[in-house]
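S.K.:
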Amino acid sequence: MDKTLVRLGVNIDHVATLRQVRKAVEPDPVSAAVACEMAGADQITIHLREDRRHIQNRDVRLIREVVKTALNLEMAATSEMQEIALALRPDAVCIVPERREEVTTEGGLNLVDASPSLGDLVATVKDAGIHATAFLDPDLRQINEAARFRFDAVEIHTGAYANAPPQRRGAELKKVKEAADAIRHLGMRVHAGHGLNYHNITALLTVPHLEEVNIGHSIVARAIMVGMERAVRDMLHLLGRI
Ligand code: PXP
58 MDKTLVRLGV NIDHVATLRQ VRKAVEPDPV SAAVACEMAG ADQITIHLRE DRRHIQNRDV
118 RLIREVVKTA LNLEMAATSE MQEIALALRP DAVCIVPERR EEVTTEGGLN LVDASPSLGD
178 LVATVKDAGI HATAFLDPDL RQINEAARFR FDAVEIHTGA YANAPPQRRG AELKKVKEAA
238 DAIRHLGMRV HAGHGLNYHN ITALLTVPHL EEVNIGHSIV ARAIMVGMER AVRDMLHLLG
298 RI
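Under the numbering used here, residues 58 to 299 are what the sequence shown spells out, in order.
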């Protein structure tokens, strides 16, 4: 796929994190969603965690109402989250592993040991017209399982690539490329996310079949310094979109 067609989803969880530090009313992730869209983001991504440490139910409801591009809801594969997704009707759900003690999503799903009920969840959300994505490490065994569970897309966890020291970065990028080839070969779409920033995004664009990236920390961090519009537009520029 032409690299100029990579879509940018902006993950705005950190805006809610800053609000929750004070249990205050600002900054409001709803306003952040609007600002991201006005700057040209293709999608707003939010993670409603079981412990509600950042995004709240109220945010999800209001963001669904204001978002005019696409809403991607990251969630654990639980019955509570399935119910919320079916009521909310995001454009996509991205199923992620969730551990209470983690600082952020630290690894991809383990589909090899996943319960067959995950297949029911995937079928149910797809029947409701919601795209289903699995967040996976660039691991061919896991990718094969994603096809078996009938996911529409795989978001490749790019943390290992993003955090690799320079001498290992090429090897980690190669794993991401091989994963992307396998995902496409199995008929699923290729997304990527985690740890992507203004320095490592350009090399990632050499990954074949890449259609979407979801980026949070680096964009929100830059937004604090230069404003959300400029932060989103700087990333769109690196994606070759503007
Ligand atoms: N994609 C998924 C599935 C994630 O869980 C996260 C982190 O919440 C991201 C993308 C964004 O990662 P980062 O904040 O490191 O850009």
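We put the CB at the ideal spot given by N, CA and C, even for glycine.
Here's the rule: buried if 16 or more other CB atoms are within 10 angstroms of the residue's CB, otherwise exposed. What is residue 147?
M.R.: Answer is buried; the Cβ neighbour count reaches 16.
S.K.: Check whether the region 269-278 and the region 289-297 are in contact - that is, three or more C-beta pairs closer than 8 Å.
M.R.: Yes, they touch.
S.K.: Runs of 3 residues minimum, wholly inside the region 205-244: which ones carry the beta strand (DSSP E) assignment?
M.R.: Segments of the beta strand (DSSP E) lying fully in the region 205-244: 210-214.
S.K.: Contact between the region 229-239 and the region 135-149 is defined here as three or more beta-carbon pairs at a separation below 8 Å; is this criterion met?
M.R.: Output reads no: the region 135-149 does not touch the region 229-239.
S.K.: So, are the CB atoms of residue 359 and residue 126 less than 8 Å apart?
M.R.: Summary: the structure shown does not reach residue 359, with the chain confined to residues 58 through 299, and so no result is reported for it.
S.K.: List the residues that DSSP assigns as beta-bridge partners of residue 246.
M.R.: Answer is 210.
S.K.: Hey, how far is the Cα of residue 117 from the Cα of residue 226?
M.R.: Distance between the alpha carbons of residue 117 and residue 226: 36 Å.
S.K.: Kindly indicate which residue of 154, 178, 255 has the alpha-carbon position closest to the one of residue 212.
M.R.: Closest option to residue 212, Cα to Cα, is 154.
S.K.: Please report the straight-line C-alpha distance between residue 62 and residue 266, rounded to a whole angstrom.
M.R.: Taking the straight line joining both Cα atoms gives about 10 Å.
S.K.: Would a C-beta distance cut-off of 8 Å place residue 101 and residue 67 closer than the cut-off?
M.R.: Yes, Cβ-Cβ distance for residue 101 and residue 67 is below 8 Å.
S.K.: From residue 121 to residue 180, what distance separates their C-alpha atoms?
M.R.: The alpha-carbon atoms of residue 121 and residue 180 are separated by roughly 22 Å.
S.K.: Exposed or buried, which one is residue 282 when buried takes at least 16 other CB atoms within 10 Å?
M.R.: With fewer than 16 Cβ atoms within 10 Å of its Cβ, residue 282 is classed as exposed.
S.K.: Taking only the alpha-carbon atoms, compute the straight-line gap between residue 183 and residue 189 and give it to the nearest angstrom.
M.R.: Each residue's Cα considered, the two are about 7 Å apart.
S.K.: Report back the beta-carbon spacing between residue 207 and residue 165 to the nearest angstrom; my notes put them in contact at under 8 Å.
M.R.: At roughly 17 Å, the Cβ-Cβ gap does not stay under 8 Å, so residue 207 and residue 165 are not in contact.
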